[in-house]
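See below for the structure under consideration.
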Amino acid sequence: MVRIPAGSVEMEDHFNEGLARELPVHIADSFYMDKHEVIVQRFRRFVKETSYQYKRWDDVEESSLTSRHPMVFVNWHNATAYCEWAGKRLPTEAEWEYVARGGLSGKRYVWGDNENQARKYANYDGTNGQDRWTRCAPVNSFKPNRYGLSNMAGNVYE
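Start counting at 1 in the sequence shown, then tack on 148, and there's your number in my numbering.
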């Protein structure tokens, strides 16, 4: 886990692409965040140790996921149950935005303004396959942000 310092994030739409009601938010206290998404191996351990029953939203092609891939097809309830087991919590929306941006403010993307840098930081359709992944990528497949957190854009739905 990484200690994230207190600070503020502008949850404001500088590019007229989001909601007009978004405003700057202050993060009053420091907090901790995992360096990357929860991996399949860790979620499987949680399910095994707790006998947790969850209904997947869709079929996951098991062959496409290794134990080092992020866990997918979980909902808020599943994620909250996992966090309680792990002694953690889900971040608030403001905390998520703050850590995803890694201290950047007023930038279009979490890595800056240059879309051509996307393949170094994110797995999403806009890279036109230049990131070498056709589906979700294993954790730590992309450059970390300024807080040392990986895969803070794209790859899987947050």
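Glycine included, C-beta positions come from ideal geometry on N, C-alpha and C.
How would you write the range of the beta strand (DSSP E) that residue i sits in, first residue to last?
| i | result |
| --- | --- |
| E263 | Element bounds for E263: n/a, residue is neither H nor E. |
| E306 | Premise fails: E306 is in no beta strand (DSSP E) and is neither H nor E. |
Looking only at DSSP bridge pairs, what is residue i linked to?
| i | result |
| --- | --- |
| Y180 | R151 |
| Y257 | G260 |
| H174 | S156 |
Can you give me the start and stop residues for the alpha helix (DSSP H) that residue i sits inside?
| i | result |
| --- | --- |
| Q189 | V188 to T198 |
| V247 | E241 to R249 |
| C231 | W224 to A234 |
For residue i, which residues in the same chain have their Cβ closer than 6 Å to its Cβ, ignoring the five residues on either side in sequence?
| i | result |
| --- | --- |
| W259 | Q265 and Y269 |
| R237 | C231 |
| F179 | I152 |
Between which residues of its own chain and residue i is the CB-CB distance below 7 Å, once the five residues before and five after are set aside?
| i | result |
| --- | --- |
| W233 | F194 and T198 |
| N288 | H184 and S298 |
| A227 | L238 |
| S215 | I187, V188 and Q189 |
What residue from the options has the CA that sits closest to residue i's CA?
| i | options | result |
| --- | --- | --- |
| A154 | C284, M300, G250 and Y305 | G250 |
| Y305 | K291, R294 and C284 | C284 |
| Q201 | T214, K291 and A229 | A229 |
Less than 8 Å between C-beta atoms, sequence neighbours within five positions excluded: which residues of the same chain meet that for residue i?
| i | result |
| --- | --- |
| A242 | V157, M159, V173 and I175 |
| M181 | M149, V150, I152, P239, E243, V247, Y295 and L297 |
| K291 | W259, K268, Y269 and S298 |
Any heavy atom of the ligand COA closer than 7 Å to the beta-carbon of residue i?
| i | result |
| --- | --- |
| H174 | Looking for the ligand COA in the displayed structure turns up nothing, as the structure carries no ligands at all. |
Can you confirm whether the region 215-223 touches the region 173-191 when touching is taken to mean that 3 or more C-beta pairs between the two stretches lie within less than 8 Å? The region 173-191 is in contact with the region 215-223.
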